[in-house]
């Protein structure tokens, strides 16, 4: 297992290099001149422009620019944005917001999704099953933007239950955006759990558990749920990385100063160093949580071995 | 704790023990969207301590469904027990609350299944799954239960039991897995063990070992054994009594020697003729013509009549014994032998 994890971690290096280069190239290819935009209506003095272009290596060819960027990165230098702010500072300041948002979303996704799925799966075609089926279809069909605005309007403005913008109210500020961010995955988790539970209820080993005279509770929890939740847990694990990426839209709509919001602003201002730094970090999280899931999978299912 | 009375069963003879299990006119149907399937249509039998009753029949004859009904593990819906009684040590399980029924499963009646790999939970060690019997029914501690599991694995002759108790089902061979199932089933010294095709998934040499093990365990504990199978060879070797099922009913019942020597029902007769015989090497086997009945539309009269070469319909039939119209009851034909055929005497040649 140790060797497997080590090999997987080594594999992340080429992936990160490839991903960061792709992003770097895309920012490079963006039309427009970020330096000229800095001055707003009044054009910057030619000497200032030349100085900035030189500082940020903007006149080098793509590959040279990228090589210089990676060279700095290997020394722990994520670069600075055009206002002279270290990208690393932006990340360390904004990452906690995104982590909180993702944590709230995962909590919603896991708790509500699994409970709804289990209840639906245990009594297939019952009232709860149909309720879960219909509501998850609705949630999946509606775009996240619509969901965000509707929830802001209903829960925030009409009912006044939650703040709809900013992070001034601590954890409460994250409830509504967390729910919106989680919505699609939540519906998927509910469906996945339902199918998995329903399938396992018919498994031969569940029949054996009944034949052993185990109490109903033990049959359900120990012999049905444990097996049913293996695919669900692995999905949720892999989804952590996806949600951090999905936070771009949610953070923008709810005005949360997280890394998603930062990357959104940076793309508009063509802040190459910020975009590449943050997106590469997101890619790393994605790969990391997928590795965690694969390791977890072997822990949950003894038939899986990575040796 | 009540232990089986071993003195009574030290020399088990067919029918010598007291009845531990009595199934009376059991009816089970499956209510599906496409209609009602009559899987079990009035099955009755008794099983004495130390006795082995083989229930013989082809797929869909209702043999497994009746066993699952006894265990109370039918999937309902769609399965519904629509009539009859299941008496364990004199008490009708069907009239008892679910919790009482549950307490019988394991210490009273237990069951092993055909496919041990899918019947064992893949994510728990075999020791844990065997030990669960003690933990659930006796409140034994986890540590103690594991010790008991090792003892049981020794008892079912799994080599190196202490070293293998923490292994998972997929790490065992087919025969060893079935032994794990058996260890689990006999953990609490049940009075009745139902074995649903216990050797069908195993190869022949392993089959014999598993059957020997079951016989030895039965001799040691005096439990009654219901052996569900379609393997005539296994029946011949280990069973005392045999009940042949067709379309959810018992069509013939008697001692194995009697039934195998001379069948009283044309269906049993057909089964016997389909066994390859060593002395008739090179000869053709005689299959039973036609298809097993559709349980959603069981033929009128005798359910076997469309496939029966001896059927008598209309003018050929004796009054009240028209094979296509009158249902033949299971009746005593000769002492110790019951059959559900209007013309059993002719089949037997008595």
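Chains as they are written, first to last, in my numbering: chain A, 31 to 337; chain B, -4 to 345.
Even glycine gets a Cβ: it sits at the ideal position worked out from N, Cα and C.
| Check | Outcome |
| --- | --- |
| For residue 309 of chain A and residue 293 of chain A, believed in contact at Cβ under 8 Å, the rounded distance | 6 Å |
| Burial state of residue 183 of chain A, where buried means 16 or more other Cβ atoms lie within 10 Å | exposed |
| Cβ contact check for the stretch 232 to 245 of chain A and the stretch 130 to 147 of chain B: 3 or more pairs under 8 Å | yes |
| Residue 332 of chain A at chain B interface by Cβ criterion, 8 Å | yes |
| Selection from A:224, A:130, A:265 and A:326 that minimises the alpha carbon distance to residue 289 of chain A | A:130 |
| At least three beta-carbon pairs within less than 8 Å, the stretch 228 to 245 of chain B to the stretch 295 to 306 of chain B | yes |
| Bridge partners - residue 174 of chain B, DSSP secondary structure assignment | Residue 174 of chain B is not bridged to any residue. |
| Partners in chain B for residue 160 of chain A, counting only beta-carbon separations shorter than 7 Å | Going along chain B, no residue has its Cβ under 7 Å from residue 160 of chain A, so there is no contact; the nearest lies around 16 Å. |
| Length of the line joining the Cα atoms of residue 141 of chain A and residue 155 of chain A | 22 Å |
| Between the CA atoms of residue 101 of chain A and residue 41 of chain A - distance to the nearest angstrom | 20 Å |
| Start and end residues, beta strand (DSSP E) containing residue 285 of chain A | First-last for residue 285 of chain A: undefined, no H or E at that position. |
| Under 8 Å between C-beta atoms of residue 189 of chain B and residue 104 of chain B | yes |
| Where residue 218 of chain B meets chain A, residues with beta-carbon distance less than 8 Å | Chain A residues near residue 218 of chain B: none, gap ~15 Å exceeds 8 Å. |
| Paired residues, beta bridge with residue 86 of chain B - DSSP | B:83 |
| DSSP beta-bridge partners of residue 106 of chain B | B:189 |
| Contacts around residue 213 of chain A, its chain only, beta-carbon distance under 6 Å, and the 5 residues preceding and following it disregarded | 169 and 177 |
| Test: residue 28 of chain B CB closer than 8 Å to a CB of chain A | no |
| Proximity test, Cβ basis, 8 Å: residue 254 of chain B and chain A | no |
| DSSP bridge partner residues for residue 24 of chain B (one or two, in chain order) | B:33 and B:75 |
| Within chain B, partners of residue 240 of chain A - CB distance below 7 Å | 68 |
| DSSP-derived helix/strand/coil call for residue 15 of chain B | strand |
| Three-state secondary structure (DSSP) of residue 200 of chain B | helix |
| Between the CA atoms of residue 327 of chain A and residue 334 of chain A - distance to the nearest angstrom | 7 Å |
| First and last residue of the uninterrupted alpha helix (DSSP H) at residue 92 of chain A | 92 to 104 |
| Contact list for the stretch 100 to 118 of chain B against chain A, Cβ threshold 8 Å | 100, 101, 102, 105, 106, 108, 110, 113, 114, 115, 116, 117 and 118 |
| Coil, strand or helix - residue 52 of chain A by DSSP | helix |
| Contact list for the stretch 128 to 160 of chain B against chain A, Cβ threshold 7 Å | 128, 131 and 132 |
| Cβ of residue 260 of chain B within 8 Å of any chain A Cβ | no |
| Boundaries (first-last residue) of the alpha helix (DSSP H) holding residue 307 of chain A | 302 to 330 |
| Contact list for residue 98 of chain B against chain A, beta-carbon separation under 9 Å | 243 |
| Residues near residue 106 of chain B in its chain [Cβ-Cβ closer than 6 Å; skip 5 each side] | 66 and 189 |
| Reduced DSSP secondary structure (H/G/I, E/B, other) of residue 202 of chain A | helix |
| 8 Å contact criterion, which residue 26 of chain B and residue 60 of chain B should meet: CB distance rounded | In fact, because the Cβ distance is near 13 Å, the residues do not count as touching under 8 Å. |
| Chain A within 8 Å of residue 163 of chain B, Cβ atoms only | yes |
| Contact check, residue 269 of chain A vs residue 215 of chain A, beta carbons under 8 Å | yes |
| C-beta contact flag for residue 54 of chain A and residue 306 of chain A at 8 Å | yes |
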